[in-house]
Structures are given as structure tokens and as C-alpha cells.
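Trainee: Using full-length UniProt numbering, count along the sequence shown one by one with no gaps and you end on 276. C-beta: ideal position from N, C-alpha, C; glycine also. This structure is in C-alpha cells; I'll ask about it shortly.
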Amino acid sequence: LENIPFLEEEKRLISDIGVRLKDFLIKKESESLIMEENMKLLELSKIRKELVTRISHELKTPLNSVLSASYHLLNFYGDKMEPDITNFFKIIFKGGERLKILINNLLDISRIESGKFELKLEKIDLIEIISECVNDITFFARNREISLNVNLPNEFIFKVNIIKIEQVITNLLSNAIKNTPPKGEVYITFQKNIHYIDIQIKDTGIGLTEEEKKKLFKKFGKIERYGKKFDVDIEGSGLGLYISKNIIELHGGQVLVESDGRNKGSTFIIRLIKER
């Protein structure tokens, strides 16, 4: 530029354009590299999800064999075996059940995150579903000395995916029982208004802090309960509430939680919007 008869102002302008062009090309090159890395990450994520799904399916067959064998041994020969051996089979069965839940949760998450989690909805008596979930978990509650208090109407027809709505209700009931001390109470109620219905599961248990509420519905959002007055069952993967939230959102609803703090109980609400 020094040998070309340009004015100083023109030289500065050309130099400025050159700098800007260089910056633009560097930026474009960076964006191209970032885009390339993002594509690689997306591909890796896809492979990971497919791998999780495949492994989970492969695990289910041998696991079902273990569960079936241990269940039959306990039911048909439990009283004929030594107490220690019976206890070992109980441990095997309980561990197998926990692993089965984890595998199903991983499959659900894989479908949710890949956008393949489709729900077939059908009209059903929602009260009957809730009642069946309560009946199925009554033995578990009784063993932990928890009283279940049910206040439901006779019938309410609603469009849901039966299997998945049962999964959510059972998960919330199980959590309420696990987080409530012996002699505690769990209340199951049903409310409706013009726009929506609420299935409420309230317990007299450990409660939730404001910080815990923020983590509650996150994936692997397992929380440590500090300042509790009694021991609670903290076993779990931290996936149940994350999946429950997604299932209800796919129904067009939401899962809400209320708690006044530590040792003051919790209320979980499944809110489903009525069809317009």
C-alpha cells in the first residue's frame, strides 16, 4: 500500500477491511470446526443411545429367568429350605427386581431422548387404575407400617396410556412410602375442576427443602436428605421422577410438588388437562 498513491484515510480503510476479512475467515473456519465437532457428538450420542437400548434388551431375557427361578423357589420351597438359604433367594429376587426397574428406566430414557416415546391413549376408568395401584402396593406399605388413606370417587373416564400412567402412580406411591417413617400416613385423593384433574399423593414423611425441589425432576436427580428425623430408603437411580415427569408431559399434563420443608411431608400432584 505504501507505493500506491492512496490517501492515508483510504489506506486505513483498506487495512481495516483486510483485518475484518481475516477475522471473518477465522470465525468461519472456527464455526466449521465447531459444526463438525457437533456432528461427531450427535453421532456418538446416537450410538450411545442405540447401545444402551440394545444392551438393556439383551439383559432382560436372562434377568427374567433369574427372577422367575428365584420367585418359584421362594413360593414353592421357601418353607422347606434353611432360613439362611431362603434369605439368600429373597436378596437375589429383590436385587433382580431393582435391576429390572433400572433396565426399564434406561429404555424409557432412551426413547424419551430420541423422540420415539409414543403413547397410545385410550379411554379408561382412571379411578380403577388408581385403586389397582394402591392395592398392588398395600403389602409394601403394611410391611413398613404405613397407613394408606384413599378418598376417590366411584368412576372417572379419562384418556390415558394405561401402562405408563400406572407406572407414574406406582412410582409416586412407592416414593411416598419409602420417605415416610413407621406409623406414618399416605393420602391418595382425586380432585377435578372445569379445566383439569389432580391425582394427589400426600405423605407425612421427610419433606423437601427448596433446593431439593429444584433437583427433583432432573435426570439422575437423586438427592441426599440432610436434617431428617428418621431413616429413609435412599436406594434408587434418580430416574423415576424424571421419567414420570416426561410421561405426564406427553399426556399434556404436569407433575407438581408441594412441601413446607424438612420433616413436614410432601404432596405430589399428577395434573392432567381435560379435553376441550
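1) Give me the DSSP bridge partner(s) of residue 196.
2) Let me know if residue 77 comes out buried or exposed under the rule of 16 or more other beta-carbons within 10 Å of its beta-carbon.
3) Ignore the nearest five residues each way along the sequence and tell me which others in residue 172's own chain have a CB closer than 6 Å to its CB.
4) Can you say whether residue 28 is buried or exposed, counting buried as having 16 or more other CB atoms within 10 angstroms of its CB?
5) Where does residue 190 sit, in a helix, a strand or coil, going by DSSP?
6) Out of curiosity, what's the CA-to-CA distance linking residue 117 and residue 103?
7) Pick out whichever of 264, 205, 195 and 263 has its Cα sitting closest to the Cα of residue 252.
8) Please state whether the Cβ-Cβ distance between residue 215 and residue 161 is less than 8 Å.
9) Closest to residue 108 by C-alpha separation, out of 247, 260, 256 and 94, would be which residue?
10) Per DSSP, what kind of secondary structure is residue 155 in: helix, strand or coil?
11) Hey, residue 106 and residue 93: beta-carbon distance below 8 Å or not?
12) Quick test of your reading: residue 124 and residue 153, contact by CB under 8 Å. State the CB separation rounded to the nearest angstrom.
13) Going by DSSP, what residue range makes up the beta strand (DSSP E) through residue 80?
14) Just reading off the beta strand (DSSP E) that residue 123 is part of, what are its end residues?
15) If residue 278 sits next to residue 170, beta carbons under 8 Å apart, how far is it from one beta carbon to the other, in whole angstroms?
16) Measure the alpha-carbon distance for residue 100 versus residue 164 and round it to whole angstroms.
17) Using only the alpha-carbon positions, how far apart do residue 17 and residue 34 sit?
18) Can a CB atom of chain B be found closer than 8 Å to the CB of residue 260?
19) Apart from the five residues on each side of it in sequence, which residues of its chain come closer than 6 Å, Cβ to Cβ, to residue 89?
20) Return helix, strand or coil for residue 131, following the three-state DSSP convention.
21) Quick one: grab the DSSP three-state call for residue 201.
22) Going by DSSP, what residue range makes up the beta strand (DSSP E) through residue 249?
23) Quick check on residue 204: buried or exposed, where buried means 16 or more other Cβ atoms within 10 Å of its Cβ?
24) Report all residues from its chain with a CB closer than 6 Å to the CB of residue 159; omit the five preceding and five following residues, and keep chain order.
25) Ignore the nearest five residues each way along the sequence and tell me which others in residue 191's own chain have a CB closer than 6 Å to its CB.
26) Closest to residue 168 by C-alpha separation, out of 256, 265, 81 and 24, would be which residue?
27) Which word fits residue 38, buried or exposed, when buried means at least 16 other C-beta atoms lie within 10 angstroms of its C-beta?
28) Would you grab the beta carbon distance between residue 141 and residue 177 for me? Rounded to a whole angstrom, and I think it's under 8 Å.
29) Out of curiosity, what's the CA-to-CA distance linking residue 271 and residue 129?
Mentor: With the structure as the only source:
1) 273
2) exposed
3) 201 and 268
4) exposed
5) strand
6) 16 Å
7) 195
8) no
9) 247
10) coil
11) no
12) The pair is not a contact, with the Cβ atoms about 15 Å apart (cut-off 8 Å).
13) First-last for residue 80: undefined, no H or E at that position.
14) 122-125
15) Outside the displayed range of the chain (1 to 276) lies residue 278, so it cannot be described from this structure.
16) 16 Å
17) 25 Å
18) Of the protein chains in this structure there is only one, and it is not chain B.
19) 70, 73 and 74
20) helix
21) strand
22) That residue, residue 249, is in no beta strand (DSSP E); its alpha helix (DSSP H) goes 240-250.
23) buried
24) 121 and 123
25) 198
26) 256
27) exposed
28) 5 Å
29) 15 Å
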